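Asker: Mind looking over this structure? Questions follow.
Number of protein chains: 2
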Amino acid sequence: MTRAEENYIKTIFHLAKGGNQLIATNAIAMEMTTKPSSVTDMAKKLAEKGLVTHVRYQGISLTPLGRKTALTIVRKHRLWEVFLVAKLNFKWDEVHEVAEQLEHIKSEKLIDRLDAMLDFPKYDPHGDPIPTKNGAFQERDKQLLSELSVGSQGLCVGVKDTSSAFLQFLDKHHIALGQTLQVLEREDFDDSLSIQIGDRRLHISNQIASNLFVKKE
Amino acid sequence: MTRAEENYIKTIFHLAKGGNQLIATNAIAMEMTTKPSSVTDMAKKLAEKGLVTHVRYQGISLTPLGRKTALTIVRKHRLWEVFLVAKLNFKWDEVHEVAEQLEHIKSEKLIDRLDAMLDFPKYDPHGDPIPTKNGAFQERDKQLLSELSVGSQGLCVGVKDTSSAFLQFLDKHHIALGQTLQVLEREDFDDSLSIQIGDRRLHISNQIASNLFVKKE
DNA sequence: AACTAAATTTAGACAAATCTAAAAATTGAT
DNA sequence: ATCAATTTTTAGATTTGTCTAAATTTAGTT
């Protein structure tokens, strides 16, 4: 597998959110900032290798083999992210670019040892689940903070947006995964929320609330 | 810098043993198991970038910029080797191939943090010196065990041959860096040596002795 | 059902890195 | 100093991944 092939497989996996629907050529091109024609070219190559199914003019989906490949790449990416944060003191908004490179390193032993060194983490620094060695992959039971009803409590378990801007916003306001919060009030006008988090009260926009995953308590 | 460019720079550095003599096109091709014509092509490209000096029909040498680049790559390679052995329990004969991949990861922060995590090691698992962040690079005072006179003592500080076969031989006979040994006898016939190492006596061939670096004590 | 707009694919081209085969330069042996 | 052997370079081709521009298919509207 070349690096380019791996990146396509990973992108299709993400766009399909782990499922195996057909993903549009344009969607892949957009996500990878490349041209649709390039996507078609690669689709043919990946289809020949048995990694994707390419239905002409309809889209591309992963085969079971492609899905397994994607899970391996995602596993590597997320384990490296944990490593960077837990062992090298990277901030959670600094890890993506480096993990993007590290995920292509080819050594099963390396990944297994890394996994053990990190004590077999289940989630990456953004709360996304880490597939196991044999490809098991469990989405956590979670919902967006914006969907929580007034009065209910939630545990912060992940972020939807992983941009530096958003993650630094959370840092600035001392919102971190593992914290419990409660929705105190919702403004009908703009769907902004008043929340209680620890001993603090905070008012956050809907844009923030709809990018933070919580587990209802 | 592409990966291919980095590999050429690194190879030229190694063949020149850190110096800046002209290295023959053929020597580079041999070392990289590629064709001389490919080396010439790359030499032109690297010369244009100011990394090497290419004297037509004479050979290729690193410019100061090329040398600096090489040192960065060597630094990365050796730090990753230390990491693999010290943190992930790799054996010293298992690290090369993986480090070959990891050395191309582009992140200064990653390397600096790794360096700190490993406590700023001066030598890699094979005893080779690790260049510092600013490119300082000090060869240790060392000589081949085969050059030691009968009766003298030495501290094992490195290996010349880093092949699995040789490293596993050393493991098997419990010869490791950091150990002290003494030359008891030399056979004139084949230059094999009797050595005292710890409380053991060992008889080793010249081929072994001329691939083990010691520091005279 | 026909037509337009959007999405997708094809055809042909290009850059990077490599190769083969042929040409040119160097070396060294007499 | 000349010639043969070796080394190196050049010229032209190949593969991978990409692009542009044109052609094709699909989808939505009336």
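Protein chains in written order, with numbering that gives the first Met the number 0: chain A, 0 to 216; chain B, 0 to 216.
Backbone N, C-alpha and C define an ideal beta-carbon position, used for all residues, glycine too.
Quantities reported herein were computed from a predicted structural model and do not represent experimental measurements.
Straight-line CA distance for residue 43 of chain A to residue 142 of chain B?
Answerer: One C-alpha to the other measures close to 57 Å.
Asker: Let's test the definition: count the other Cβ atoms within 10 Å of the Cβ of residue 133 of chain A and tell me whether it reaches 16, buried, or not, exposed.
Answerer: So residue 133 of chain A counts as exposed.
Asker: Along the chain, where does the alpha helix (DSSP H) containing residue 36 of chain B start, and where does it finish?
Answerer: Run containing residue 36 of chain B: 35–47, per the alpha helix (DSSP H) assignment.
Asker: In the structure shown, what three-state DSSP assignment does residue 56 of chain B receive?
Answerer: Three-state result, residue 56 of chain B: coil.
Asker: So residue 97 of chain A contacts chain B; which residues on that side make the cut at Cβ distance below 9 Å?
Answerer: Correct list: 104, 105, 106, 108, 109.
Asker: For the segment 56–86 of chain B, which residues have a beta carbon sitting closer than 7 Å to at least one beta carbon of chain A?
Answerer: From the segment 56–86 of chain B, only 86 have a Cβ closer than 7 Å to chain A.
Asker: Can you tell me where the alpha helix (DSSP H) with residue 101 of chain A in it begins and where it stops?
Answerer: Start and end: 95–101.
Asker: Helix, strand or coil: how does DSSP classify residue 172 of chain B here?
Answerer: Of the three classes helix, strand and coil, the one that applies to residue 172 of chain B here is coil, per DSSP.
Asker: By DSSP, does residue 209 of chain B sit in helix, in strand, or in coil?
Answerer: Three-state result, residue 209 of chain B: coil.
Asker: What residue range does the alpha helix (DSSP H) around residue 182 of chain A cover?
Answerer: Run containing residue 182 of chain A: none in the alpha helix (DSSP H); it sits in the beta strand (DSSP E), 179–185.
Asker: Helix, strand or coil for residue 201 of chain B, going by three-state DSSP, please let me know.
Answerer: Three-state DSSP puts residue 201 of chain B in a strand.
Asker: Run through chain A and tell me which residues come within less than 7 Å of residue 88 of chain B, C-beta to C-beta.
Answerer: Neighbours of residue 88 of chain B on chain A, chain order: 112.
Asker: According to DSSP, is residue 157 of chain B helix, strand or coil?
Answerer: Note: residue 157 of chain B maps to strand in three-state DSSP.
Asker: Could you compute how far the alpha carbon of residue 20 of chain B sits from the alpha carbon of residue 123 of chain B?
Answerer: In a straight line, the C-alpha of residue 20 of chain B is about 25 Å away from that of residue 123 of chain B.
Asker: DSSP beta-bridge partners for residue 194 of chain A?
Answerer: Note: residue 194 of chain A sits in a beta bridge opposite A:182, A:201.
Asker: Does residue 116 of chain B come within less than 8 Å of chain A when only Cβ atoms are used?
Answerer: Yes, its Cβ sits closer than 8 Å to a Cβ of chain A.
Asker: Answer with yes or no whether the minimum CB distance from residue 100 of chain A to chain B is below 8 Å.
Answerer: Interface residue, yes.
Asker: Whole-angstrom Cβ separation of residue 113 of chain A and residue 87 of chain B, contact assumed at under 8 Å?
Answerer: About 7 Å separates the two Cβ atoms, so the contact holds.
Asker: Hey, quick one: how far does the alpha helix (DSSP H) through residue 19 of chain B stretch, first residue to last?
Answerer: Counting along the chain, residue 19 of chain B falls outside any alpha helix (DSSP H), and DSSP gives it neither H nor E.
Asker: For the putative contact between residue 149 of chain B and residue 99 of chain B, defined by C-beta atoms under 8 Å, what is the C-beta separation to the nearest angstrom?
Answerer: Not quite, the Cβ-Cβ distance comes to about 39 Å (not below 8 Å), so this is no contact.
Asker: Tell me where the alpha helix (DSSP H) around residue 108 of chain A begins and ends.
Answerer: Where residue 108 of chain A is concerned, the enclosing alpha helix (DSSP H) stretches over 107–116.
Asker: Round the Cβ separation of residue 8 of chain B and residue 110 of chain B to the nearest angstrom and send it over; I've been treating them as touching at under 8 Å.
Answerer: The pair is not a contact, with the Cβ atoms about 17 Å apart (cut-off 8 Å).
Asker: When burial is assigned at 16 or more other CB atoms within 10 Å of the CB, is residue 49 of chain B buried or exposed?
Answerer: Exposed, because fewer than 16 other Cβ atoms sit within 10 Å of the Cβ of residue 49 of chain B.
Asker: What is the DSSP secondary structure of residue 50 of chain A, counted as helix, strand or coil?
Answerer: Here residue 50 of chain A sits in coil by DSSP.
Asker: In terms of DSSP beta bridges, what is residue 215 of chain B paired with?
Answerer: Residue 215 of chain B is bridged to B:153.
Asker: In this structure, does DSSP put residue 147 of chain A in helix, strand or coil?
Answerer: Correct three-state label for residue 147 of chain A: coil.
Asker: Going by the CB atoms, is the gap between residue 212 of chain B and residue 171 of chain B shorter than 8 Å?
Answerer: No, the pair does not count as a contact, with Cβ atoms beyond the cut-off.
Asker: Taking just the CA atoms, how far does residue 216 of chain B sit from residue 192 of chain B?
Answerer: Taking the straight line joining both Cα atoms gives about 18 Å.
Asker: Give me the Cα-Cα distance between residue 182 of chain A and residue 3 of chain B, rounded to the nearest whole angstrom.
Answerer: Using only the alpha carbons, I get a separation of about 55 Å.
Asker: Tell whether a beta-carbon distance below 8 Å holds between residue 24 of chain A and residue 58 of chain A.
Answerer: Result yes, Cβ atoms of residue 24 of chain A and residue 58 of chain A sit closer than 8 Å.
Asker: Our contact map puts residue 125 of chain A next to residue 91 of chain A with C-beta atoms below 8 Å; I'd like the distance itself, whole angstroms only.
Answerer: About 6 Å; that satisfies the 8 Å criterion.
Asker: Put residue 87 of chain B into one of helix, strand or coil per three-state DSSP.
Answerer: Reduced to three states, the DSSP call for residue 87 of chain B is coil.
Asker: Applying the 10 Å Cβ sphere with the 16-neighbour rule, what's the burial state of residue 77 of chain B?
Answerer: Buried, by the Cβ-count rule.
Asker: The alpha helix (DSSP H) that contains residue 12 of chain B, what's its start and end?
Answerer: Here the alpha helix (DSSP H) through residue 12 of chain B covers 2–14.
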